[in-house]
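Per my numbering, residue 9 is the first one in the sequence shown, and the count goes up by one each step.
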Amino acid sequence: MDPLTLKKRGSLQRTTRQAVRKDRTFSSRSGAAIGAHSGERNSIVIYGQKKDGRRSIRAGTLESLVELLAEDELADPDYVETFIATHNYFIDSQSFMSRLMARFYDGDDARVVEVFEKWINCYGSEDFSEENQLLFNMFLGDLDSKGLQPITTKLRQMIREQQIIADKRKNRRKRMLRGKRW
9 MDPLTLKKRG SLQRTTRQAV RKDRTFSSRS GAAIGAHSGE RNSIVIYGQK
59 KDGRRSIRAG TLESLVELLA EDELADPDYV ETFIATHNYF IDSQSFMSRL
109 MARFYDGDDA RVVEVFEKWI NCYGSEDFSE ENQLLFNMFL GDLDSKGLQP
159 ITTKLRQMIR EQQIIADKRK NRRKRMLRGK RW
């Protein structure tokens, strides 16, 4: 039996007690190649291969998945958008924001800012609620103190624009509901 087999629901089940070594390749029951990479801090990423031959991320520890967001040479170009869109299924927005900020302080400045920009553009009005906004404002203050005012100005403007759009949607819904009196 293979060291790792895919269950019907898509999760991975370890069938032997073998440790995953760096850049090891496994086969699933379907015959698809699955690559596993274990890095520092007990982080594991499991890769698959798309029909066109490109590598795609299949699974991983939360730590490794967040680390991949700030990678310069990311294998899957849709990964960042997919992670942002689905993060609420496995981590709350405040914890996700904290982990991204930690990546920024570890030295992945530009890539982390790009992730925040994508997050704000796609889901800013939903994920940057008041409690998350306080944490994000602390982060923006740190950016200011590092001399990155143009970046903080841009991020603040993006959040304001998303809030304006969200307010317009709310007002439109309210008007529509007022017009429909049953």
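We treat Cβ as the ideally placed atom computed from N, Cα and C, and that holds for glycine.
Every value quoted in this text rests on a predicted model; they were computed, and no experiment measured them.
Which of helix, strand or coil does DSSP assign to serine 72?
Reduced to three states, the DSSP call for serine 72 is helix.
Let's see if you can read the secondary structure: which residues bound the beta strand (DSSP E) around glycine 56?
Glycine 56 -> beta strand (DSSP E) spans 52-57.
Tell me whether isoleucine 99 sits in a helix, a strand or coil according to DSSP, three-state version.
The answer is coil: DSSP assigns isoleucine 99 none of H, G, I, E or B.
Going by beta-carbon coordinates alone, are leucine 70 and serine 106 separated by less than 8 Å?
Going by C-beta atoms, leucine 70 is not nearer than 8 Å to serine 106.
For chain C, is any of its Cβ atoms less than 8 Å away from the one on arginine 119?
The displayed structure is made up of one protein chain only, and chain C is not part of it.
Can you tell me where the alpha helix (DSSP H) with arginine 168 in it begins and where it stops?
Segment 157-187, the alpha helix (DSSP H) holding arginine 168.
When the distance is taken between beta carbons, is glycine 68 closer than 8 Å to valine 53?
Cβ distance < 8 Å, so valine 53 and glycine 68 count as in contact.
Where does alanine 93 fall in DSSP's three states?
Reduced to three states, the DSSP call for alanine 93 is helix.
So, at 7 Å on beta carbons, what are the nonlocal neighbours of methionine 109 in its own chain, with the 5 sequence-adjacent residues on each side left out?
Within the same chain, methionine 109 has close Cβ partners Phe147.
Could you give the residue range of the alpha helix (DSSP H) that holds glycine 149?
From DSSP, the alpha helix (DSSP H) with glycine 149 extends over 138-153.
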